[in-house]
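Each residue of the sequence shown is one higher than the one before, starting from 181 at the first, in our numbering.
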Amino acid sequence: MLAYRRIAAASFRQYSTYRVATAAGVFTNTIFGFIRASIMLAAIGSAGGELNGYDALQAATYVWLGQALLAPIEVFGTRELAQRIRQGDVAIDLLRPVDLLGQFYAAKLGRSGFLLLARGIPPMLIGALVTGIALPSEPFSYLLGASAVLLAITVAFLADMMVNLAAFWLIETRGLTTVYMAVMNLLSGFLIPIVWFPDWLLTIARATPFPSMIQTPIDTLSGRIPPLEALPLIGIQLGWVVVLAGAATLMLRAGVRSVEVQGG
């Protein structure tokens, strides 16, 4: 465990050195937040002030919490492991005395911790000052919300790792990554709340792990759903962690058996 803690701490420190990139990320995140908020508020206004359980304040909260989670969740995916597999560097990773998925997960937690603090919370605070945000009335919602965020990061990590691990067989995964990003951004609830979907698409979304990455932590943190209703959703997140962790482990084992180091 000490090794993983040090990896997480090193990842946190590494990303904290990119101050200009962090400031640029905050600015961009805030601007896109205002664009998304204006679209959402216009849609709710045209619907008469309420749309499928969302009023103006709840919609603004949805947008700013989504913007806060954008960087920590890494909704646009990563390609580091896929590149290391393609280049053959994964052979070095496999020789280290720590689990491959464990070391990447530790780095992910360190990176996400910094991104949440430095690039997630500032745009949310700016948005709260301009549009306002809804806060939970029950203290237990904050604890559940923190748990939902951690589980969302974990679910997103495992799903992203499965896309990266496909490089053992595909070599080049850019096409798969693009498809994954498009589907994930839609079905996770990042673009619009999944309760705005037509029934057939809502059914599909709920059968995937994607709502556990965005929609569940937003609903829990905003207090839009009470704690008793949030608990089953967190249970679903835990279920997806188990399923995806098992699937990613099986993919890694199968990939290791067939690995060929590219270029020597």
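All C-beta atoms, glycine included, are put in the ideal place defined by N, C-alpha and C.
The DSSP assignment places no complete beta strand (DSSP E) segment of no fewer than 3 residues inside the region 264–339.
Just measuring C-alpha positions, the residue of Leu323, Ser226, Phe348 and Ala204 sitting nearest Thr400 is Leu323. Nearest Cα to Phe207 within the set Arg185, Ala239 and Arg299: Arg299.
Counting only the Cα atoms, Thr197 lies some 30 angstroms from Ala362. Across the set Ala308, Ile224 and Gln247, the C-alpha of Ile224 shows the shortest separation from the C-alpha of Ala236.
Segment contact: the region 284–295 against the region 353–361, fewer than three CB-CB distances shorter than 8 angstroms; contact not assigned.
Bounds of the alpha helix (DSSP H) holding Asp399 are Gln395 to Ser402.
Where Met361 is concerned, the enclosing alpha helix (DSSP H) starts and stops at Arg354 to Leu367. Within the same chain, and ignoring the five residues on either side of Gly369 in sequence, the residues whose Cβ sits closer than 6 angstroms to its Cβ are Pro391, Ile394 and Gln395.
Taking the Cα of Gly325 as reference, the smallest distance to any Cα among Pro277, Gly312 and Ile405 is reached at Ile405. As a beta-bridge residue in DSSP terms, Leu231 pairs with Tyr234.
Straight through space, the alpha carbons of Leu275 and Ile372 are spaced by roughly 43 angstroms. Relative to Phe214, the option among Ala286, Ala201 and Tyr242 whose CA is nearest is Tyr242. For Glu409, the enclosing alpha helix (DSSP H) stretches over residues Pro407 to Ser438. Measuring C-alpha to C-alpha distances from Ala336 to each of Val255, Arg386 and Glu352 identifies Val255 as the nearest. Between Gly246 and Leu345, the C-beta gap is not smaller than 8 angstroms, which leaves the two residues out of contact.
The C-alpha of Tyr285 is placed about 9 angstroms away from the C-alpha of Ile187. Restricting attention to alpha helix (DSSP H) runs no shorter than 4 residues, the region 183–231 encloses them at 199–226, ordered along the chain.
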